[in-house]
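K.L.:
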Amino acid sequence: MYRRRSGRVVAGVATGISDHLGFPVVWVRAVFAMLAALGGAGIVGYGLLWIFVRQRSDIPGTESEREHRQGVALLLLGVGLAVVVASVSAVPPWLVGALGATMVGGAVIWREADESQRGQWREGARSSLLGLLGGGGRAGVLRLLAGAVLVFLGLYAFVLATTMGSEVPVVFAAVVATLIGVALLTVPWWMRLSGDLDAERATRIRSQERAELAAHLHDSVLQTLALIQKQAGAEREVRRLARSQERELRRWLYGPDGYSGSSRPMTHAPTASPATSAEEAGTGESERVPEETLSAELARICGEAEDAFAVTVQHVVVGDGPLDEPLRAVLAAAREAIVNAAKHAGVDEVSVYAELQPDRAELFVRDRGVGFDPDAVDPDRHGLAESIRGRMERNGGRVRLRTSPGSGTEIHLDLPRAAE
Numbered sequence: 088m089y090r091r092r093s094g095r096v097v098a099g100v101a102t103g104i105s106d107h108l109g110f111p112v113v114w115v116r117a118v119f120a121m122l123a124a125l126g127g128a129g130i131v132g133y134g135l136l137w138i139f140v141r142q143r144s145d146i147p148g149t150e151s152e153r154e155h156r157q158g159v160a161l162l163l164l165g166v167g168l169a170v171v172v173a174s175v176s177a178v179p180p181w182l183v184g185a186l187g188a189t190m191v192g193g194a195v196i197w198r199e200a201d202e203s204q205r206g207q208w209r210e211g212a213r214s215s216l217l218g219l220l221g222g223g224g225r226a227g228v229l230r231l232l233a234g235a236v237l238v239f240l241g242l243y244a245f246v247l248a249t250t251m252g253s254e255v256p257v258v259f260a261a262v263v264a265t266l267i268g269v270a271l272l273t274v275p276w277w278m279r280l281s282g283d284l285d286a287e288r289a290t291r292i293r294s295q296e297r298a299e300l301a302a303h304l305h306d307s308v309l310q311t312l313a314l315i316q317k318q319a320g321a322e323r324e325v326r327r328l329a330r331s332q333e334r335e336l337r338r339w340l341y342g343p344d345g346y347s348g349s350s351r352p353m354t355h356a357p358t359a360s361p362a363t364s365a366e367e368a369g370t371g372e373s374e375r376v377p378e379e380t381l382s383a384e385l386a387r388i389c390g391e392a393e394d395a396f397a398v399t400v401q402h403v404v405v406g407d408g409p410l411d412e413p414l415r416a417v418l419a420a421a422r423e424a425i426v427n428a429a430k431h432a433g434v435d436e437v438s439v440y441a442e443l444q445p446d447r448a449e450l451f452v453r454d455r456g457v458g459f460d461p462d463a464v465d466p467d468r469h470g471l472a473e474s475i476r477g478r479m480e481r482n483g484g485r486v487r488l489r490t491s492p493g494s495g496t497e498i499h500l501d502l503p504r505a506a507e
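Note that the numbering used here gives residue 239 to position 152 of the sequence shown, counting from 1, and the numbers run on in steps of one.
1. Indicate whether the contact test is met: 3 or more Cβ pairs, each with one atom in the stretch 389-399 and one in the stretch 427-439, closer than 8 Å.
2. Out of curiosity, what's the CA-to-CA distance linking ARG504 and THR290?
3. Secondary structure at THR354, three-state DSSP: helix, strand or coil?
4. Between the C-alpha atoms of PRO357 and MET278, what's the straight-line distance to the nearest angstrom?
5. Around the C-beta of SER494, are 16 or more other C-beta atoms found within 10 angstroms, so that it is buried, or is it exposed?
6. Pick helix, strand or coil for ASP411, following the three-state DSSP scheme.
7. Have a look at LEU284 and GLU333 and give me their C-alpha separation to the nearest angstrom.
8. With hydrogens ignored, establish whether the beta-carbon of LEU443 is closer than 6 Å to any heavy atom of the ligand MN.
9. Among the candidates ILE388, ARG293, SER382, whose CA atom is the shortest distance from the CA of ALA420?
10. For ALA448, which of helix, strand or coil comes out of DSSP?
11. Going by beta-carbon coordinates alone, are LEU414 and GLU379 separated by less than 7 Å?
12. Can you round the beta-carbon distance between GLU436 and ASP501 to whole angstroms, since I take them to be within the 8 Å contact cut?
13. Once you ignore the five residues that flank GLY458 on each side, which residues in its own chain have a CB closer than 7 Å to its CB?
14. On the DSSP bridge list, what partners appear for GLN401?
15. Quick one: measure Cβ to Cβ for HIS499 and PHE451, integer angstroms, because I've assumed they're closer than 8 Å.
16. In angstroms with no decimal places, state the Cα-to-Cα distance between LEU280 and SER438.
17. In the structure shown, what three-state DSSP assignment does ARG487 receive?
18. Note the first and the last residue of the continuous alpha helix (DSSP H) segment covering ASP501.
19. Run through the DSSP bridge pairs and tell me what ASP454 is partnered with.
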């Protein structure tokens, strides 16, 4: 059954019943008018049908002007009978008015809700008994009975007190009993409503996260893939772009710790342009430290070298901690060693291993490149002597160098630390 939009006087309930049962609409309206005289039953029934019967605008139907006037007259007759009966009966007029206002308010709320919300309400109505019991077995039945008894006794005492002029404490006790009963009956419903709100909030958060991920993929990853396609023949450049995008994605997904707490942190700042990174990589120690931990700063240094020289810098960090001045000196020396390996070793990959202990910090930079003879280095080249060895010695550390032409190079940085 559906309520019809055309030919309605109030909400189309009578016309919907008429279409469904095949009776003339004036008969249906007359029945509602007579039921309105029975304690307002017609008004309550009309309001319930208004709430729970759907309305459709595509149902054909016409109504003459005469039938419409008859409908208005029967509406006024029903309201008048309800008012007259309420005024002469034992039922207080305010109670009838309150019920009528409640029905009208419920109908307005139902009409303003969207279809998804109405569907949730219908589903809740179908399982209303289970909702009242709350799935609690015997305890749920007892709670239901106790709530119903308190509501009945409270309403009865309230009506009796108002009609017989009882004192305020009696009225107050009746109101309190009613409220307690309503609370016992509606606790499962409120809990279910809270759960629905939480589920809706979680769904909205997931939707926002998916939208953010899609925007990031479009703005960053897809552009990188387009650049890789254009430079498919340049293997080193393709590898550099892929590694740069990997670092950016890990930072975006896992935050500053890159691998999200694994034994191999991969934290990086946003990827700089190759020109800028190359300029910074050749100037020695960086002036800014975006992340104040050993693993994060080492990851940033390795990322800059990858972007500047199109090599892969694989790094592993065991242990981590906040940076102090001696550790900054170790990282600055390691930076110089990584840049030298990337520039002069002639390899596609450089390995870096760092281990931080309470009493010692060690860092290894290794490549399998051409190697060199330390005694044959020109005196005016200060990279190994000053930027690496001199920096470590000034902070109480030392440098071990293993290299020879054709056998690669390994630089071991060792810094004793005061135990905390």
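Ideal Cβ placement from N, Cα and C applies to all residues, glycine included.
P.N.:
So, from the listed chains and residues:
1. The stretch 389-399, when compared against the stretch 427-439, does touch it at the 8 Å Cβ threshold.
2. Here residue 504 corresponds to residue number 417 of the sequence shown, with the count starting at 1. Here residue 290 corresponds to residue number 203 of the sequence shown, with the count starting at 1. When rounded, the distance between both Cα atoms is 50 Å.
3. Counted from its first residue, the sequence shown places residue 354 at position 267. Confidence in THR354 is poor, its pLDDT being 38 and thus under 50, which makes the residue's placement too unreliable to answer from.
4. Here the question's residue 357 lines up with position 270 in the sequence shown. Here the question's residue 278 lines up with position 191 in the sequence shown. Confidence is the limiting factor: at PRO357 the pLDDT is only 35, short of 50, which leaves the residue's position unreliable and the question unanswerable from this model.
5. Working through the sequence shown from its first residue, we reach residue 494 at position 407. It counts as exposed.
6. Within the sequence shown, numbered from 1, the residue matching residue 411 stands at position 324. In this structure, ASP411 counts as coil in the three-state DSSP scheme.
7. Within the sequence shown, the letter at position 197 stands for residue 284. Within the sequence shown, the letter at position 246 stands for residue 333. Between LEU284 and GLU333, the alpha-carbon positions lie close to 37 Å from each other.
8. In terms of ligand content, the structure shown is empty, and the ligand MN therefore cannot be addressed.
9. Along the sequence shown, read from residue 1 onward, the residue named residue 420 stands at position 333. Nearest in C-alpha terms to ALA420, of all of ILE388, ARG293, SER382, is ILE388.
10. The residue given as residue 448 occupies position 361 in the sequence shown. Strand at ALA448.
11. Taking the first residue of the sequence shown as position 1, residue 414 is located at position 327. Taking the first residue of the sequence shown as position 1, residue 379 is located at position 292. With respect to the 7 Å criterion, LEU414 and GLU379 are not classified as neighbours on the basis of their beta carbons.
12. Translated into the one-based positions of the sequence shown, residue 436 becomes position 349. Translated into the one-based positions of the sequence shown, residue 501 becomes position 414. The C-beta distance from GLU436 to ASP501 rounds to 24 Å, too long to fall under 8 Å, and the pair is not in contact.
13. Reading the sequence shown from its first residue, position 371 is the one you call residue 458. THR490, SER491, PRO492, GLY493, SER494, GLY495, THR496.
14. On the sequence shown, residue 401 is found 314 positions in, with the first residue counted as 1. Looking at the DSSP assignment, GLN401 forms a beta bridge with SER438.
15. Stepping through the sequence shown from its first residue, residue 499 is reached at position 412. Stepping through the sequence shown from its first residue, residue 451 is reached at position 364. Their Cβ separation, rounded to whole angstroms, is 5 Å, which keeps HIS499 and PHE451 in contact under 8 Å.
16. On the sequence shown, residue 280 is found 193 positions in, with the first residue counted as 1. On the sequence shown, residue 438 is found 351 positions in, with the first residue counted as 1. In this structure, the alpha-carbon of LEU280 lies about 57 Å from that of SER438.
17. Within the sequence shown, numbered from 1, the residue matching residue 487 stands at position 400. Strand at ARG487.
18. Looking up residue 501 in the sequence shown gives position 414. Per DSSP, ASP501 belongs to no alpha helix (DSSP H); it is in the beta strand (DSSP E), 496-503.
19. The residue labelled residue 454 in the question sits at position 367 within the sequence shown. Beta-bridge pairing links ASP454 to THR496.
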